Every structure is written in C-alpha cells, then in structure tokens.
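Notes follow the structure.
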Amino acid sequence: MRTEAPRRYPVYVPKVPTTWWVRTAPFRRFAAREFTAVFAAAFSAILLLFLLALSRGQEAYEGFLRWLRLPAVIVVSSVIFVALLYHAVTWFRLTAHIQVVRLGGNVVPRRAVVGALLGTWVVVSSLVVYLLVWF
Amino acid sequence: MGADTIALKVGRYRPEHAPEPYFDEFHVPRTDDMVVLDALNHIKDHLDGSLAYRWSCRMGVCGSCGMMVNGEPRLTCSTFLRDFDSGPIVVEPLRYFPVIRDLVVDMTDFMEKLKSVKPWIIGEEPPIDEGEHLQTPDQLEVYKQFSMCINCMLCFSACPVYGQDPEFLGPAVIALAHRYNLDSRDRGRAERARILELDNGIWDCTFVGECTVVCPKDVDPAAAIQRSKVSTATHMLRAVLPFGGRE
Amino acid sequence: MLLETLVHDIVIVGGGAAGLRAAIAAAEVSDRLSIALVSKVYPMRSHTVSAEGGAAAAMAADDSTELHAFDTIRGSDWLADQDAVEAFVAEAPDEIVRLEHWGCPWSREPDGTIAVRAFGGMSVNRTVFAADKTGFHLLHTLFQTSLKYEGIVRYDEFFVTRLLVEEGRCSGVAAMDLRDSEVRCIAGKAVILCTGGAGRIFPFTTNGAINTGDGMALAYRAGVPLKDMEFVQYHPTGLPGTGILMTEASRGEGGYLFNNQGRRFLEDYIPSKMELGPRDILSRAIIQEFEKGHGFDGPDGQYVHLDISHLGEETIDEKLFFLRELARNFIGIDPVHEPIPVRPVVHYMMGGVDTDLLGRTRLAGLHAAGETACVSMNGANRLGSNSLTECLVFGARVGRQAAEEALEAAEPSENPLAELAEVEQDRLVQTYLADRDGERIATIRKDLQTAMERGAGVFRTEESLKTAVEEVRGLRERYESVAIDDRDRAFNTELVTALELDNMLDVAEAVVRSGLERRESRGSHTRRDHPDRDDERYLRHSLAFSTPEGAKIDYIDATITQWPPAERTY
Chain A
-4 MRTEAPRRYP VYVPKVPTTW WVRTAPFRRF AAREFTAVFA AAFSAILLLF
46 LLALSRGQEA YEGFLRWLRL PAVIVVSSVI FVALLYHAVT WFRLTAHIQV
96 VRLGGNVVPR RAVVGALLGT WVVVSSLVVY LLVWF
Chain B
-6 MGADTIALKV GRYRPEHAPE PYFDEFHVPR TDDMVVLDAL NHIKDHLDGS
44 LAYRWSCRMG VCGSCGMMVN GEPRLTCSTF LRDFDSGPIV VEPLRYFPVI
94 RDLVVDMTDF MEKLKSVKPW IIGEEPPIDE GEHLQTPDQL EVYKQFSMCI
144 NCMLCFSACP VYGQDPEFLG PAVIALAHRY NLDSRDRGRA ERARILELDN
194 GIWDCTFVGE CTVVCPKDVD PAAAIQRSKV STATHMLRAV LPFGGRE
Chain C
19 MLLETLVHDI VIVGGGAAGL RAAIAAAEVS DRLSIALVSK VYPMRSHTVS
69 AEGGAAAAMA ADDSTELHAF DTIRGSDWLA DQDAVEAFVA EAPDEIVRLE
119 HWGCPWSREP DGTIAVRAFG GMSVNRTVFA ADKTGFHLLH TLFQTSLKYE
169 GIVRYDEFFV TRLLVEEGRC SGVAAMDLRD SEVRCIAGKA VILCTGGAGR
219 IFPFTTNGAI NTGDGMALAY RAGVPLKDME FVQYHPTGLP GTGILMTEAS
269 RGEGGYLFNN QGRRFLEDYI PSKMELGPRD ILSRAIIQEF EKGHGFDGPD
319 GQYVHLDISH LGEETIDEKL FFLRELARNF IGIDPVHEPI PVRPVVHYMM
369 GGVDTDLLGR TRLAGLHAAG ETACVSMNGA NRLGSNSLTE CLVFGARVGR
419 QAAEEALEAA EPSENPLAEL AEVEQDRLVQ TYLADRDGER IATIRKDLQT
469 AMERGAGVFR TEESLKTAVE EVRGLRERYE SVAIDDRDRA FNTELVTALE
519 LDNMLDVAEA VVRSGLERRE SRGSHTRRDH PDRDDERYLR HSLAFSTPEG
569 AKIDYIDATI TQWPPAERTY
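Residue numbers (the working numbering), protein chains in the order written: chain A, -4 to 130; chain B, -6 to 240; chain C, 19 to 588.
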C-alpha cells in the first residue's frame, strides 16, 4: 500500500478575516438577514413579558400597556417591526428554494411560489389587522 | 472594442523562494474572444513560463481552471476579457484552499470529502441479463440537476462557512450525496445519513446561498442542502412517530 | 537517492473512461489486487469528460450485433480487424447496462428503458446517450464508482515519464509527482496505458491541453510499434478558432449543414446519408466546399453553417442543452435562432499502441486500451459514439486480463526498477532543470502544429508529407536545446509541458511517416496523388517502430472474418 511521502514544500494557508461578511453586497445582505433573528428574539421576549403581565392581574396588565406606549419603546418596537418584515420576506423567498412545488407533473416556477406566499401573508395579515381595528 | 492590451495582476506563490505569496503584473494582448485562460496561456508561453495553473478542456466541463478573478470565483476558460473595462484584472488561487504554488490549490480535502459521502449507487446490483433498471424521464428529472457538478470547487470558495470552518463538508459534496439519495436506483440514504447529518454536515449550512450564485453549471447546491435538511428532518420525525412508516 | 518504490499488482496510466473501467474490472476480479491508477490530472479532468454525443450498442429491438459490426467495419473502410469488432459489438450492450447499474443517467424513453438516437454512419438508431453530456456523465459515474474499491489506489497528478523494462518485461513506470518533481518507481506485474489521444499535435482540435499522446510515446520509446498512426479523424463540426466540439448529436437529432449558397451541400457528396454520413466523408466534403469557394470567410478561417433552429427550443433544451450553452457562451450565438459556424477539427486518433484483442502489446507486461490503443476496432475511420463504448469494452477486457496475469505472475524485483527510476530522475534534472538558455516550448510547439496541419491535414500529398517528415525531424533537433523558465520543484507545470512536447514530437513523427508510406486513400487518410483505395497493397495496418534514424514503417494484415472487403458505399 502507498505510504505517505513527506510533502517537502509548504503549502500556504491564507487567513480568513473576521470581517469577511463586509466584503460583498450578498454577504452583507446575508449578515443583515441573520441579524434580524436578534429582533425576532426580542419580539418573543416582549410577548413573554406581555403574558407575564396578563397573568399578574388587571393592574400589571395596564402597567405593561403604559410601558408599551413610552416613546422609547415605540421607537424600539418600530425597529423590531421593520426588521421582522425583512426577516419574513427573506425567509419566504428562501422557502421557494427549499421546497419544490409540483402541480400535476410540472414544477411551479420559484417566482410564482414566492408571490403566492407573500400574497397569502399580506392577505391574512390585512384580515387580522382589520378584525383588530373593527373590534 | 477594448484596448489592445490589458494588465493582469496574477497571484504567485513559490515556496522555494519566499514564504509568502506576492503578485506579478503582466500585459497581454486583448481581443474580443479571449478569455482569462488565454491570457494566462499567453503569459506562460511568452512572458513567464514559471506561472503554474491547472487547465484542460477550455470549454467549461472539466472543472480544472477555477480561480478568483477580481475577487469572484470563476472558471477562467469561460470568463471573457471583454467583460472587464480596464485592468488590472486580478487573478488569484481559489479562496479558502491551501495554495501549493501560484494559482494551484490543494484539492486533497475536497477529494477526501467526496469519497466520504459514498457517491455511488448503493444496493444490490441486479444481474446484467436482467437489463437496466427502469427509470422514467420524470424520475431522472428529480436528480438530474444535481448530477451536473463538474467538481470545479467554485462553490467552496464562495461559502463563508467553509471559509470559517474547513471541516464543513461543503456545497458540491452535499449536492452530490443528495443526487444519489434522490436517484430511484439507490438504497443508500441510511448509509450516507451518518456523515451528512452529524458534525460538519448539512446542519452547518446557514443558507448564505452564494454557492448557487457562483456555480457555473446551475447545480444549485444550496437547494440540495436545504432539501436534504427537510428530508432528514422528515425522516427523523417518521422514525420517531408511531405511524411513521418506512425506513 | 530515490524517494520510495511503490509496489502494486497492476499499474494503470491514465484515469479516463478506459483507465477507470480497467481499474474497476481488475478490482472485481479479486479484492486482493492492489491497483495503482496513475494520472497526470485528477480523473474527473480526463478528456472523456468533454465527449458529448453518446455510446453505441446494439440494444434496440430493431438492431443486431451483426449490423453494428457491419456498420463499424464499413465505417472503417474495411481496415478494422473484424475479430476485434465482433468482440466489441458482442460486449457493448452489457457494458451499457453495467454503467446504468452503476448510476449513469442515461436518457430514457417514456417507459423507463434506455433511449437510443441516430448517429453518423449507423444504419439504425443505436447511440445510447445522457442528454448531450454523455462523456461527462460516463466519466463521473466511473470515477465515483471507482471510489468504492479499496484496492484501487490513486496517484493523482503524477506524470509518467518512462516505462520501466527489466529483462524484456515491463514491470512498472517511472512517475514524477508534480508536488515535488521527484520521480517515484511504481512497480506492477501488469502495466496498462490509457492515456487517450494526441490531438494537441494539431493546431485546431477538440482535444484538451492534456491530450499529448503520452502513453503512445511511452510505448513507442519502449520498442512497441504504433499502429495505423496516419489515420487522424477530423470531426466535421468544431467551432472555428477554439475548436470546441459541436456534437454529432446535433445532426443525429436532425440538424443541417449549409454552405454560403444556402444549400445542403452534402447532397453532392453523400446524398443517401446527408448529415448522418461518416465523419471522414463529411470533413472532406466541407474542405472541398471551401476549395470551391462555398465557405463563409471568418477571422479563424472558412466555415460552413450548422443549423438546428428548425428543431425548436424545446427539443434543443432537452437533447442539446450543452451545445446551446457552448454556442452562447463561446461565440455568442443562440442556435435556437441562428446557425452555428463550424469547420472540421482534429478529434480522434484511430491509431495507437499496437495491441491484441485483450489489450496486450508485444512487450510482456504492457497493455493498452481506449484511444491510446489500436486493436484495431476503428480501422481507417471511427464511427461517432463507438469510442466511449470502446473504452468500456476494451477497458474491461484489459482490466480482467491484467488481473489474471497479476494473480499468476511473480513479484517484480524492486532493485533494478528503482535504479532505472533513479536514472530517469537524473535525466530530468540534468536536461530540464539545469541552468541554460534555449528555445521556448511554445515556439517549437506552434511550429509543430503548423507543420502537421499543412502536411498531414484532411488532404495529403507525397510532397506535403515528405515536407512534414523533414519538419518534424528538424523540430526534434530544435527540441534538444529547449529551455524552460521554471527551475522550481514544487508543481512545475512547465516541466510537464516540456515532457509533453517530447511525447508530441514522437507521435507526430509516427503520424507523418506512416502517412507518407501509405500510398492510397482509405477512410480518413486521403492522398490527392493516390485517391483510390488499394486493397491489394494496403489492406494492412501500418506499424511505426522507433529507430535512431526515425520511424520505420512495417505492415501487418488486417483480420477479415465474415465481411469480405467491398466498396464503401452509403
């Protein structure tokens, strides 16, 4: 069997900089997409606080709602909202890559899938908002 | 029409002379139908015969000539000089691989990983006189795209996960494993599962998607990896649930 | 001192379809066999990868092995050894099925069976295909399947510089590891040459950079004759300039060839077959159209039009996707809308290392298969899609034969072999890596290619070949003072290029000498001064032997079994 002969000439192993993600636009977009997960986590935290307040009774609940209306919190909430929009749109688009949708033997083109997903999302969200406002 | 000549800044690494890589600049004649590979050949033939690089078919099917051109992983045989307004065009060895010499990178890691996912039909081979497995055009279509990989490794150079963690299996390798998993003639999913689903396999991928963007053959390795994740998860669920069913 | 001697049972030089098939065949004979696969490139880069059209086999219901044999023999202009053809057609269908079992994605009929398409010179549709990237899929299937066998040990990017012959037996190779330019002795009881063709001795070729006739030169220098070297196949449809192949499948699917008068000119040459005539006839026809002034003028010479636009986008994308991609990428033409400029380009060497039906040469221990070998199965002209199947059938035969030999033979003695390899190492260092001035490789190579195109092109004369012989001799002398810029040891590709040029010069000499001595026209060897076929004198294979005075040509009769020589009509 072959024995490994020593490679006499050193290969050069380049270092990968930690700022690799700044280098190109696609990498920056990727980093942004991944970073929105932080905002998703923040939103979940706020939801949990909300549930906690609810469980503590009327006063705690109203105290929480007052906290939500603080200008600083509104600003942060808006940022979270925009980040989550970006998060949702990017993941809907990725879904079309992951799941091959077939309709009767033909593959549905990716654009159609993304369009359908986004469209459904907009419709359902609009319905929810409408119901909330109406009630 | 472009200018008569164009400058190329070419990465050099000569371990017998210097421990670090450096650049050499050359001026080559430019015509409309020249590709970067033609420029490199001109340098080697007439200017500096010591420039080392790999190439063969010059028609984008052998996968030898992958290099970084102005920071992007490209096949130099299919990258036209006319697409660059002015020089210098920077040509470097494929990113994230150890450099053996000039534009030649070490492919050992790739070759070992290729073998590790068992890229062959696994299962009992029927006797020859029984003829071929029947495989309809639709069944062929299911995996055909993933069988187009020319092993050029551009996707590895585009993958930041591989850049940060050279243990990662890598896009082309996973796409090839997925090609066999999807082939109606193969029974090897379980055997490949170990290497695909454990450390450094599909779950290391964070779906950056650049591998698919740079692939010159539209293999779409990103899709292969994500679909592997879906089918792996589905399989795991079914194995665990009482009404799960098969294998 | 030499680095190490590597001992195996079988040593295969070249990792393309033939080499990989031989390795797998040997590994299947016995898993105790240690099989070295030595290739100057990684196997997936082998030139098999660029083959497009398909692999022929008598599989369809309306076909028969007799018909396949007859087509092949007629295509060969009756120079093929008919026993070799009989063996080939008999084993071809099984090889196709075997490849299918190994995962090759053959294109299918709606019912799931393997599909076949029409191809040049074939009476019925028998060309099995994988879209129009048959060679690519075949090679990758073989390579990936070869990874299964622990007995196959690969030496990637090792360049074999000499065969090691000891006591009249070839017992190994001297192989230079590109990583450090050190010669290793790789010993084996059987050596198989599968290094492909030598198209690069011509300026316009479909062949990749690596096709420099290395295996042919190795055998030639070891005293084995090269058979039928004068028969060089020009593929009728290559892109002008680059020579990139436009697959015959384009004509198999119904494409047309037009001259500058808008005529399907093949009507004047081979009306019964038109675009599906054999390659030599079509290439001659196109050159004659050029001579009549019916070609289009272009910066890279004259050309004719290959038109597939009438096939429709759907058919093209399904069956000729790669062709469309190539035309769009390399000359900016979309064949769905426009005709493609094409001209004859060098594509395949019918000739090669003289072997028998089991791939054995007259040097004990040495074998050859694939394009490197000349069994002869293709005679004076090869039919398209026979070559890929040839690699499978004869690769398998040679692999099994070598395995049988290796299981019975004694171990080669290491010492004489190691010394021979060391001598080779010294020769390389002194000849190429020493400090000196001289001529550049590229100038000699270019002059060689120009001489070959002028002297040994589609149409040849006594004058042109005599001149070519002299020119090649002159280039051989110039080569003695070639000098390279690169004196490094780490991955010295210029050294490899110099060694390849050495091989190219030997192969070129065999081609032009054999061509000069064959004073007839047969198949792809066309002499303006001897335009007819002369079975009385030349129903024989030429054998080119290497001597200090140059190539010496001898002859051996072609084997006729069932098909007595007849006029080659279509």
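Glycine included, C-beta positions come from ideal geometry on N, C-alpha and C.
For clarity, every value in this text was computed on a predicted model and none was experimentally measured.
Can you pull the chain B residues whose beta carbon is under 7 Å from the beta carbon of residue i, in chain order?
| i | result |
| --- | --- |
| A:Val17 | Result: empty, since nearest Cβ-Cβ is about 11 Å, beyond 7 Å. |
| C:Tyr60 | Met100 |
| C:Ile3 | Nothing can be reported for residue 3 of chain C: it is not among the residues displayed for chain C, which extend from 19 to 588. |
| C:Leu344 | Met52 |
| A:Leu89 | Phe200 |
Is DSSP giving residue i helix, strand or coil here?
| i | result |
| --- | --- |
| C:Asp286 | helix |
| C:Tyr588 | coil |
| C:Thr577 | coil |
| C:Met292 | helix |
| C:Gln251 | strand |
| C:Glu185 | coil |
| C:Tyr167 | coil |
| A:Thr(-2) | Note on A:Thr(-2): pLDDT 42, under 50, position unreliable in the model; no value is reported. |
| A:Phe25 | helix |
| C:Ser301 | helix |
| A:Phe87 | helix |
| B:Asp17 | strand |
Using a threshold of 8 Å, state whether the C-beta atoms of residue i and residue j are closer than that.
| i | j | result |
| --- | --- | --- |
| C:Glu271 | C:Lys337 | yes |
| C:Asp95 | C:Gly397 | yes |
| C:Ala11 | C:Arg144 | Any answer about residue 11 of chain C is impossible in this case: the structure gives chain C only from 19 up to 588. |
| C:Lys151 | C:Ala427 | no |
| C:Val371 | C:Leu244 | yes |
| C:Tyr173 | C:Val67 | no |
| B:Ala168 | B:Gly80 | no |
| B:Val83 | A:Pro21 | no |
| A:Ala83 | A:Val109 | no |
How would you list, in chain order, the residues of chain A whose beta-carbon sits under 8 Å from the beta-carbon of residue i?
| i | result |
| --- | --- |
| B:Phe139 | None at all; the shortest Cβ gap to chain A is about 12 Å. |
| B:Val201 | Pro21, Phe22, Phe25 |
| B:Tyr6 | Tyr7 |
Does the beta-carbon of residue i have 16 or more other beta-carbons within 10 angstroms, so that it is buried, or is it exposed?
| i | result |
| --- | --- |
| C:Gln592 | In the structure as shown, chain C starts at 19 and stops at 588, and residue 592 of chain C therefore has no counterpart that could be examined. |
| B:Tyr89 | buried |
| B:Gly42 | buried |
| C:Leu236 | buried |
| A:Ile69 | exposed |
| A:Trp62 | exposed |
| A:Leu127 | exposed |
| C:Met19 | Note that C:Met19 scores 49 on pLDDT, short of 50, meaning its location in the model is unreliable and no value can be drawn from it. |
| C:Val364 | buried |
| B:Ala226 | exposed |
| B:Met229 | exposed |
| C:Lys484 | exposed |
| A:Val17 | exposed |
| C:Pro582 | exposed |
Listing by chain order, which chain B residues have their CB less than 9 Å from the CB of residue i?
| i | result |
| --- | --- |
| C:Arg187 | Chain B residues near C:Arg187: none, gap ~33 Å exceeds 9 Å. |
| A:Val11 | Arg88, Tyr89, Pro153, Gly156, Gln157 |
Find the residues of chain C that neighbour residue i, judging by a C-beta separation of less than 8 Å, and give them in chain order.
| i | result |
| --- | --- |
| A:Tyr7 | Going along chain C, no residue has its Cβ under 8 Å from A:Tyr7, so there is no contact; the nearest lies around 11 Å. |
| B:His39 | Arg458, Ala460 |
Check the Cβ of residue i against every Cβ in chain A and list those closer than 7 Å, keeping chain order.
| i | result |
| --- | --- |
| C:Ala508 | Tyr4 |
I want to verify the contact list: residues of chain C whose CB lies under 7 Å from the CB of residue i, in sequence order.
| i | result |
| --- | --- |
| B:Arg94 | Ala508, Phe509 |
### Task
Only counting runs of 4 or more residues, tell me where the alpha helix (DSSP H) segments fall wholly within the segment 78 to 102 of chain C, in order along the chain.
83 to 93
#### Entry: beta strand (DSSP E) runs wholly inside the segment 201 to 242 of chain C, at least 3 long, in chain order
208 to 211
### Message
Just to confirm the assignment: which complete alpha helix (DSSP H) runs, minimum length 4, are found wholly within the segment 211 to 238 of chain B?
### Response
214 to 233
### Message
I'd like the ranges of any beta strand (DSSP E) spanning at least 3 consecutive residues and lying wholly in the segment 19 to 94 of chain B.
### Response
59 to 62, 65 to 68, 82 to 85, 92 to 94
### Task
Give, in chain order, every unbroken run of the alpha helix (DSSP H) that is at least 4 residues long and sits entirely within the segment 317 to 394 of chain C.
331 to 337, 339 to 349
### Message
So within the segment 530 to 579 of chain C, which uninterrupted beta strand (DSSP E) runs reach at least 3 residues, ignoring any that extend past its ends?
### Response
558 to 565, 568 to 575
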